Amino acid sequence: MSDVHRYGNRLAFNEAFQDLGLDCAQWSEAVYADLMRAAGGAEEKMLSIFFSRIGWPAALPNNEKDLFVKKVMEAKRKALGKFALAGSLPLRPGLEQFIDEVLEAEVPLVVISAYYKEGEELGRLLVEKLGAERAQKIRIVDEDVVVNSFYGQLVLGEGVSSGADEQLAAAASRAVAAEKQRLAEEVASMLKLSVEVDTSYVQISKKAIAALRAGSEIAERGVDRCILMASGHSGAQAAQKIGMPCVVVRSSVTTRGEFPGAKAALDGYGPGAVTLPRLLKLLQ
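Mapped onto our numbering, the consecutive letters of the sequence shown carry residue numbers 910 to 1193.
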């Protein structure tokens, strides 16, 4: 909906650095893009990589690096929220016309805002920029929607703390229909992954998958009959994992990126880029 990397995230990090007195830290577009690639889009990891390169603050004890990263992230989130409230995040050119095209065709339109902590408020503000008439026809998948969805309850509910075999048995008992059986198999795979690999990327991927599943429930369409409009790798990889077609709308930091799992990678909205007929053709 907006090139948040160019107009929001990078500038919000720089404002956070300034507010915290970190004069040595200022990210140009080139530095930001390099960190994005190196960290796979995980912002906490971007900070760790950056300060490992240039040196951590001299007065910072080694055992407080994680707390320092969290402090920077909190300052960054506040700065990004301020930009959004001030209307500093413009909609992508052609987006409004594309949305009108989709709504006129009565195609369900869902905005996924549950990927990251700041995503919910940002998603709501961007939808509001579309105007009240459009906004009332758009569903927003926030964290509450994800948690209350069938898939969210299966994966993110209290039962996830039990043993993997017990979770799989519970999932299988609830997966009565064919679609629910596929969900149970996917959950089993994810549970195995979460036991074997403890990384922030796995958690982001798990949350993204749950959000996409919740989005398909809200749209009342199977995942193979939805198309995710993503701006980077995290969304595209999550969509590929569950068999949801994905089209990447390139941002300022993904102009040269390769997205082998996506149906297409396009440069914006409108003729020659993203249009509804083009998306429908990808589903055929």
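Cβ atoms here follow ideal geometry from the backbone N, Cα and C, with glycine treated the same way. Nothing here was measured: the structure is a model prediction, and the numbers come from that model.
Can you say whether residue i is buried or exposed, counting buried as having 16 or more other CB atoms within 10 angstroms of its CB?
i	result
Lys1116	buried
Arg1134	exposed
Ser961	exposed
Glu1013	exposed
Ser937	exposed
Leu1141	The residue you asked about is not Leu; residue 1141 is Gly in the sequence shown. Its Cβ being crowded by 16 or more others within 10 Å, Gly1141 is buried.
Gly917	buried
Gly1124	buried
Going straight from the alpha carbon of residue i to that of residue j, what length do you get?
i	j	result
Arg946	Ala1128	32 Å
Val1132	Ala1120	12 Å
Leu1137	Ile1118	11 Å
Arg1165	Val1054	34 Å
Leu1188	Leu1035	22 Å
Thr1163	Pro970	35 Å
Glu1067	Glu1015	Low per-residue confidence applies at Glu1067: pLDDT is 47, beneath 50, and the placement is therefore not dependable, though the value from the model is reported in the following sentence. Looking at the two C-alpha atoms, the distance is approximately 37 Å.
Arg1033	Asp1051	9 Å
Asn923	Glu983	13 Å
Gln1149	Pro1169	10 Å
Ala1173	Gly996	30 Å
Pro1180	Arg1130	27 Å
Ser911	Leu994	14 Å
Ala988	Gln1193	43 Å
Asp1176	Phe977	36 Å
Lys1190	Val1183	11 Å
Tyr1060	Asp943	34 Å
Ile1021	Gln935	30 Å
Lys1046	Gly1040	11 Å
Leu1063	Met1153	19 Å
Using a Cβ-Cβ cut-off of 6 Å (strictly less than) and excluding sequence neighbours within five positions of residue i, which residues of its own chain qualify?
i	result
Arg866	No answer is possible for residue 866: it lies beyond the span of the chain, which begins at 910 and ends at 1193.
Ala1139	Ala1145, Cys1155, Val1157
Tyr941	Arg919
Leu1031	Ala993
By alpha-carbon positions, which one of the options ends up nearest to residue i?
i	options	result
Gly949	Gln1193, Pro1154, Ser1114, Pro1186	Ser1114
Ser1143	Ala1123, Ser1125, Ala993, Glu1167	Glu1167
Phe926	Glu938, Gly1141, Leu956	Leu956
Ala1171	Pro1186, Leu1039, Gly1179, Ala1147	Ala1147
Asn1057	Lys1046, Ala1023, Leu1031, Leu1004	Ala1023
Lys974	Glu953, Gly1124, Met910	Glu953
Cys933	Leu994, Leu1063, Phe959, Gln1193	Phe959
Lys985	Leu1063, Leu920, Ala1182	Leu920
Val913	Leu931, Gly990, Asn972	Gly990
Excluding sequence positions up to five away, which residues of its chain have a Cβ less than 8 Å from the Cβ of residue i?
i	result
Glu1037	Ala1044
Arg1194	A query on residue 1194 cannot be resolved here, the shown segment of the chain reaching from 910 to 1193 and no further.
Lys980	Leu929
Leu1185	Phe1007, Glu1010, Val1011, Ala1014, Val1016
Phe992	Tyr916, Gly917, Leu920, Ala921, Leu998
Less than 7 Å between C-beta atoms, sequence neighbours within five positions excluded: which residues of the same chain meet that for residue i?
i	result
Leu1004	Met910, Tyr1178
* **Segment contact, 8 Å Cβ cut-off, at least three pairs: the stretch 999-1016 with the stretch 961-973** => Too few Cβ pairs lie closer than 8 Å, so no.
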